[in-house]
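Residue numbers (full-length UniProt numbering): 1 to 425. A short write-up of the structure that comes next.
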């Protein structure tokens, strides 16, 4: 079992960044922060809220601007097919795990709510399957702007604040009659049999960067450039930092490493919940299986943007290291993936769904849009190979019980949808 990574470890490793908030940042008329001349300061890690703008609400890129639709486009925004197949995945796993009489669908960082809306449409279309199951939706969202957009998308704006519940700050009913709750933290979501969804969520969490040298590991920090006013630069820590002591795996072979400890804590929390209550988690994101090195980058107006310029005005991202997530879930849940998006969607039957939609479309514009969105999702040079799917599942879902544990069991376990080839027989 992976050693539990307590949140206090993250707090300790990043304490320098938080202590410098007042001395290095000033609020500007344009709504973003800039560095000002002040007393000499220690360098900051990239995980600092000054750069990882999603971390601090009053400085945050996402909480201030909405964060979706301005600097990048996500798969759910491209095609309804994407969300429909995700919805089918959850129903498939719910059925494979015994059709419990209730489940929570918990989405982390729901964006505009488009993906949740597509999933709810599938749940409604397959209502006969779910007729004896109480389904509820639980959205983890810190941005007031985005939660308002989600509420309009999912309920038509018919929501109410929830002061009597200290956990959920807002609640409503979907257009199809399913209760929806909003939270600021995964810890506030009630325990219970749940299916979790994190689509393009982990790549926006702050990271720590490290570089191996002849003297061992050093952390890559951000410092003021002494030669250029208001300009930042990357520097190496002069000695080991709390982050190098806590976040580097002993078996690491790469010379440049990016670690997202917040993602590690989140995965451990999800794994603990799944181990205790059942369910599954599906994660889709930019990523790799412990092979890439320097992926930290910024996007602004759909173009690459220097991460050290105008902090808080661009979407900052780093590829998810799925090998790290696997290690964090070790001993608590089984894991599947990462598998490329084009392979996952093909296994889910995207080709068949496209053909149905093409046959039902009556105009050339719709026809063209369907083919274009399919190409965006599946083309290896576009989203097909960039995004990967990864799942956390109870051990009993993927490892057949032995005869000693269950001598009556003779039938093979059903394959996990998306992670094995689609069979039509």
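We put the beta carbon where it would ideally sit given N, CA and C, even for glycine. In this text, all values refer to a predicted model and were calculated from it rather than measured experimentally.
Asked, Found
"Residues near residue 332 by beta carbon distance below 7 Å, same chain, minus five either side", "1, 271, 272 and 275"
"Assigned secondary structure, residue 283 (DSSP; H/G/I helix, E/B strand, else coil)", "strand"
"Completely contained alpha helix (DSSP H) runs for the stretch 295–340, where each covers 4 or more residues", "322–329"
"Reference residue 204; option with closest CA among 247, 307, 334 and 398", "307"
"Endpoints, alpha helix (DSSP H) assigned at residue 153", "144–155"
"Host alpha helix (DSSP H) of residue 398 (start-end)", "395–398"
"Enclosing alpha helix (DSSP H) for residue 192 [first to last residue]", "Neither: residue 192 is in no alpha helix (DSSP H) and is coded neither H nor E."
"Rounded straight-line distance, which links the Cα of residue 124 to that of residue 246", "46 Å"
"Start-to-end residues for the beta strand (DSSP E) that takes in residue 232", "232–236"
"Bridge-paired residues (DSSP) for residue 134", "102"
"Cβ contact check for the stretch 74–93 and the stretch 345–362: 3 or more pairs under 8 Å", "yes"
"Residue interval of the alpha helix (DSSP H) (run including residue 114)", "114–125"
"Contacts around residue 421, its chain only, beta-carbon distance under 7 Å, and the 5 residues preceding and following it disregarded", "347"
"Which of helix, strand or coil DSSP assigns to residue 129", "coil"
"Proximity below 8 Å, CB of residue 341 to CB of residue 389", "yes"
"Same chain, Cβ closer than 6 Å to residue 259, five either side skipped, listed in chain order", "208 and 247"
"Whole-angstrom distance between residue 210 and residue 319, CA atom to CA atom", "15 Å"
"Cβ contact (3+ pairs, closer than 8 Å) linking the stretch 113–131 and the stretch 139–151", "yes"
"As assigned by DSSP and simplified to three states, the class of residue 391", "strand"
"N- and C-terminal bounds of the beta strand (DSSP E) containing residue 210", "208–213"
"Burial state of residue 253 (16 or more Cβ within 10 Å)", "exposed"
"Inter-residue spacing [alpha-carbon to alpha-carbon] between residue 298 and residue 262", "19 Å"
"contact_flag[the stretch 217–232, the stretch 86–103] where n(CB pairs < 8 Å) is 3 or more", "no"
"Residue burial classification, residue 302 (beta-carbon count within 10 angstroms, cutoff 16)", "exposed"
"Contacts around residue 419, its chain only, beta-carbon distance under 8 Å, and the 5 residues preceding and following it disregarded", "336, 337, 339, 344, 347, 389 and 391"
"Where residue 249 sits in the DSSP three-state scheme", "coil"
"Buried or exposed (CB count within 10 angstroms, at least 16 for buried), residue 362", "exposed"
"Inter-residue Cα distance where the pair is residue 240 and residue 213", "11 Å"
"Euclidean distance between Cα positions of residue 230 and residue 237", "21 Å"
"Distance between beta carbons of residue 106 and residue 235, contact taken as under 8 Å", "So it is not a contact: roughly 40 Å between Cβ atoms."
"Alpha-carbon to alpha-carbon, residue 255 and residue 195", "36 Å"
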